[in-house]
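Just below is one structure, and these are the notes that go with it.
There are 2 protein chains.
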Amino acid sequence: MISYRDNIVFILAKAHQRAQASLKARLQPFSLTPMQCLFMEALWEEDGLSVGEIGRRIALDTATLAGILDRLVTAGWVRREVDSQDGRVARVYLTEKGTGAIGTLAETMEQTNDDLLKGFSQEERLLLKRLLKDFRD
Amino acid sequence: MISYRDNIVFILAKAHQRAQASLKARLQPFSLTPMQCLFMEALWEEDGLSVGEIGRRIALDTATLAGILDRLVTAGWVRREVDSQDGRVARVYLTEKGTGAIGTLAETMEQTNDDLLKGFSQEERLLLKRLLKDFRD
DNA sequence: GTAGGTTATCTTGTATACAAGAGGTTTATA
DNA sequence: TATAAACCTCTTGTATACAAGATAACCTAC
Numbered sequence: 489m490i491s492y493r494d495n496i497v498f499i500l501a502k503a504h505q506r507a508q509a510s511l512k513a514r515l516q517p518f519s520l521t522p523m524q525c526l527f528m529e530a531l532w533e534e535d536g537l538s539v540g541e542i543g544r545r546i547a548l549d550t551a552t553l554a555g556i557l558d559r560l561v562t563a564g565w566v567r568r569e570v571d572s573q574d575g576r577v578a579r580v581y582l583t584e585k586g587t588g589a590i591g592t593l594a595e596t597m598e599q600t601n602d603d604l605l606k607g608f609s610q611e612e613r614l615l616l617k618r619l620l621k622d623f624r625d
Numbered sequence: 489m490i491s492y493r494d495n496i497v498f499i500l501a502k503a504h505q506r507a508q509a510s511l512k513a514r515l516q517p518f519s520l521t522p523m524q525c526l527f528m529e530a531l532w533e534e535d536g537l538s539v540g541e542i543g544r545r546i547a548l549d550t551a552t553l554a555g556i557l558d559r560l561v562t563a564g565w566v567r568r569e570v571d572s573q574d575g576r577v578a579r580v581y582l583t584e585k586g587t588g589a590i591g592t593l594a595e596t597m598e599q600t601n602d603d604l605l606k607g608f609s610q611e612e613r614l615l616l617k618r619l620l621k622d623f624r625d
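Chains as they are written, first to last, in our numbering: chain A, 489 to 625; chain B, 489 to 625.
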């Protein structure tokens with residue numbers, strides 16, 4: 489019988505907790521949360537995505553996305569438009585403010601990534617990423 | 489410039505998401521969430537812990553613990569008592585219901601751990617755990 | 001013995017997360 | 001072209017998470 493301390497679900501939860509806290513602190517100057525930033529990164533990859541497509545790319549429920557989108561719209565980072573072809577679809581675009589900041593935001597995320605991994609060798613980094621990507625039930 | 493898809497914060501968040509979902513599904517029959525179960529595992533390790541000590545062991549804010557504790561008390565899994573020596577301290581004990589179920593709950597957590605790791609070799613499992621434990625800013 | 005600092009917990013406010021269901025839009029099909 | 005089926009988004013309810021402040025109990029120095 490192993491302790492919860494050695495359970496991968498627990499270990500993973502706590503590593504995730506530390507990673508989130510690190511990124512959160514670095515995004516504080518922008519008044520953006522990690523998820524809000526990630527949402528915008530998806531739009532940087534492809535602007536004008538639908539809410540559902542954003543959810544598929546960053547693996548989030550539309551119920552969760554609704555709140556994040558609301559706050560991003562209120563803060564002026566993105567705007568929401570109904571698709572002209574399909575009235576069901578809500579498309580999201582970066583505003584000028586969003587476009588102006590997205591490069592710096594991406595750098596912040598990348599810097600966080602590098603700092604979190606700085607204690608590991610190149611082999612360990614690749615291995616960790618591979619194991620986590622393969623990780624599923 | 490790397491994509492958010494290769495960022496360790498994102499990869500970690502999604503692996504965590506899958507692990508939580510897997511454990512959550514297995515705990516459904518008990519009407520317990522992963523965090524509620526983890527809280528009880530801490531008490532199995534040492535019954536009568538204070539709220540603060542539980543928070544240190546499972547790395548959770550007392551604000552978060554308050555809600556979890558409330559729900560566990562309401563459902564009859566644990567009881568809350570003020571320490572006889574120190575009126576500030578709230579001690580938590582497993583009830584009879586809690587004690588009766590904790591073994592099965594621990595087995596469920598362990599089974600989840602095993603299933604999540606079944607695709608990995610023994611070496612990979614140890615490596616993954618070590619890398620995640622070392623993982624910090 | 002009491003003022004003042006420390007400690008432990010609780011409360012409030014904000015932000016994820018997801019299940020489940022509602023509502024509106026489009027598409028398929030008879 | 002009705003009408004059912006499918007699709008997309010939004011809303012509601014529950015459960016983490018944490019920051020910041022409030023509250024109550026304890027302890028220390030004088």
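Beta carbons are placed, not taken as given, at the ideal position from N, Cα and C, and that holds for glycine.
N-terminal and C-terminal residue of the beta strand (DSSP E) that residue i is part of
i, result
"A/Leu582", "578-582"
"B/Glu569", "566-570"
Residue i to residue j span [Cα, whole Å]
i, j, result
"A/Asp622", "B/Glu529", "28 Å"
"B/Glu598", "A/Thr600", "32 Å"
"A/Gly555", "B/Ala578", "35 Å"
"A/Gly627", "A/Glu569", "The displayed coordinates of chain A run from 489 to 625. Any statement about residue 627 of chain A would go beyond what the structure contains."
"A/Arg545", "A/Ala589", "21 Å"
"A/Glu611", "A/Pro517", "33 Å"
"B/Lys617", "A/Asp602", "20 Å"
"A/Gln505", "A/Ile499", "10 Å"
"A/Leu619", "B/Asp571", "45 Å"
"A/Ser519", "B/Asp625", "21 Å"
"B/Ala503", "B/Glu541", "28 Å"
"B/Thr587", "B/Phe608", "33 Å"
Classification of residue i by the beta-carbon crowding that lies within 10 angstroms, buried from 16 upward
i, result
"A/Met489", "exposed"
"B/Lys606", "exposed"
"B/Leu614", "exposed"
"A/Lys585", "exposed"
"A/Val485", "An answer regarding residue 485 of chain A cannot be provided, because it is not within the stretch 489 to 625 covered by chain A."
"B/Ala513", "exposed"
"B/Gly591", "exposed"
"A/Ala547", "exposed"
For residue i, the first and last residue of its enclosing alpha helix (DSSP H)
i, result
"B/Glu612", "610-622"
"B/Ser510", "496-515"
"B/Gln524", "522-533"
"B/Ile542", "539-546"
"A/Ala551", "550-562"
When the options are compared against residue i, the one with the closest alpha-carbon
i, options, result
"A/Leu560", "A/Asn495, A/Leu526, A/Arg506, A/Glu612", "A/Leu526"
"B/Thr596", "B/Lys502, B/Ser510, B/Arg506", "B/Ser510"
"B/Asn495", "A/Ile496, A/Pro522, A/Phe518", "A/Pro522"
"A/Ala507", "B/Ala501, B/Leu604, B/Lys617, B/Ala594", "B/Ala501"
"B/Trp532", "B/Asp625, B/Ala503, B/Ala594", "B/Ala594"
Own chain, CB closer than 7 Å to residue i, minus 5 neighbours either side, in chain order
i, result
"A/Gly564", "Thr583, Lys585"
"B/Val539", "Thr550, Leu553, Leu557, Ala578, Val580"
"A/Leu515", "Thr521, Pro522, Cys525, Thr596"
"B/Gly543", "Asp549, Thr550, Leu553"
"A/Asp535", "Tyr581, Leu582"
"B/Leu604", "Ala507, Ser510"
"A/Tyr638", "The requested residue 638 of chain A is not part of the displayed model; chain A covers only 489 to 625."
"A/Arg567", "Val561, Tyr581, Thr583"
Proximity test, residue i beta-carbon vs the ligand NAD heavy atom, cut-off 8 Å
i, result
"A/Asp622", "You won't find the ligand NAD in this model; it holds no ligand whatsoever."
Own chain, CB closer than 8 Å to residue i, minus 5 neighbours either side, in chain order
i, result
"B/Leu537", "Ala530, Leu531, Arg545, Arg579, Val580"
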